[in-house]
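Position in the sequence shown (from 1) plus 99 gives the number in the numbering used here.
Note that the Cβ used here is the ideal one computed from N, Cα and C, for glycine as well.
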Amino acid sequence: MGLVTEVDDATAPTVLIVDNNAMSSMRLSNIFKTRNFKVELCEDGDQAVDEYIRLDPELVVLSLDIPSLDGHLAALEMREHGGEQRIVFVAPNRMADLARNAAYSAGAVAWLQKPISGESLEAVWKQVLGPIPEAPGLEDLDELYPDRVQIEADAGPMTMPPPMLLPDLPGVPVLPNVAASADLPDLEVEMPNAVKKKRGWKIALVTLLLVVAGAAAVHFTGVYTLPYLPEIA
Numbered sequence: 100m101g102l103v104t105e106v107d108d109a110t111a112p113t114v115l116i117v118d119n120n121a122m123s124s125m126r127l128s129n130i131f132k133t134r135n136f137k138v139e140l141c142e143d144g145d146q147a148v149d150e151y152i153r154l155d156p157e158l159v160v161l162s163l164d165i166p167s168l169d170g171h172l173a174a175l176e177m178r179e180h181g182g183e184q185r186i187v188f189v190a191p192n193r194m195a196d197l198a199r200n201a202a203y204s205a206g207a208v209a210w211l212q213k214p215i216s217g218e219s220l221e222a223v224w225k226q227v228l229g230p231i232p233e234a235p236g237l238e239d240l241d242e243l244y245p246d247r248v249q250i251e252a253d254a255g256p257m258t259m260p261p262p263m264l265l266p267d268l269p270g271v272p273v274l275p276n277v278a279a280s281a282d283l284p285d286l287e288v289e290m291p292n293a294v295k296k297k298r299g300w301k302i303a304l305v306t307l308l309l310v311v312a313g314a315a316a317v318h319f320t321g322v323y324t325l326p327y328l329p330e331i332a
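Structure, rendered in structure tokens:
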């Protein structure tokens, strides 16, 4: 294997490597960097689908035994999204039959047995660059994975539910229906007359006080004669 360096060429193809085994991911990264690929790593199947949509890579190297979505379902989700990307499955020898079936179902261009080497990749490289097979598993995707989360179409704004009627509580009297405000009679309020009556009472009281005061003054002047006033002839 030659010297491995980071690829910064904007025109270089991108490979998305999806494997939760750090040693396997590092080995695959080095192999594809020597082939002048820009390498993107991911460890989760669900996240891999999001990265596939975001990056639009030319090649996806996908392990079957990854968390969240397994490699087969993740590959089908990628193919369902569309695109002409090539998918290569990698799996240990104990999962060889599963890898072959998954490669056929998802339309993968090849599958490789772990541990991967530059020589094993070179042996299938023409196949990797060849035509992309159909993915017959897409037709049976819902049957193969009935519990997968699907995005439902927007059904428009939500409708408000009808008002909930509360049950009658035992021991609480039922209030009669209150008439609407338009059906209620107008109240007759005679505020001005009440004000006039109140003012008339005050005037009568003041008048009575003045009369009493005047009578007292007349009586007082009739009893006492002021000595310093001259008599009028």
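Glu-176 is the residue among Pro-245, Glu-176 and Glu-218 whose C-alpha sits nearest the C-alpha of Ala-234. In terms of Cβ geometry, Val-187 and Leu-158 form a close pair [threshold 9 Å].
Beta-bridge annotation (DSSP): Arg-185 is paired with Leu-158.
Annotation: Val-138 to Leu-197 spans about 26 Å, alpha carbon to alpha carbon. Exposed is the label assigned to Ile-152, since fewer than 16 other Cβ atoms lie within 10 Å of its Cβ. Taking every protein chain shown into account, the CB of Gly-144 has 16 or more other CB atoms within 10 angstroms, so this residue is buried.
Put simply, the stretch 157-174 touches the stretch 190-209. At least three CB pairs are less than 8 Å apart. Annotated as distal: Arg-185 and Leu-237, with beta-carbon spacing of 9 Å or more.
For Leu-211, the secondary structure class from DSSP, reduced to helix, strand or coil, is strand.
In the DSSP assignment, Ile-116 is bridged to Leu-140 and Val-160. DSSP, read as helix, strand or coil, puts Ala-109 in coil. With fewer than 16 other beta carbons inside 10 angstroms of its own, Met-122 counts as exposed. Under the three-state reduction of DSSP output, Ala-234 falls in the coil class, being neither helix nor strand.
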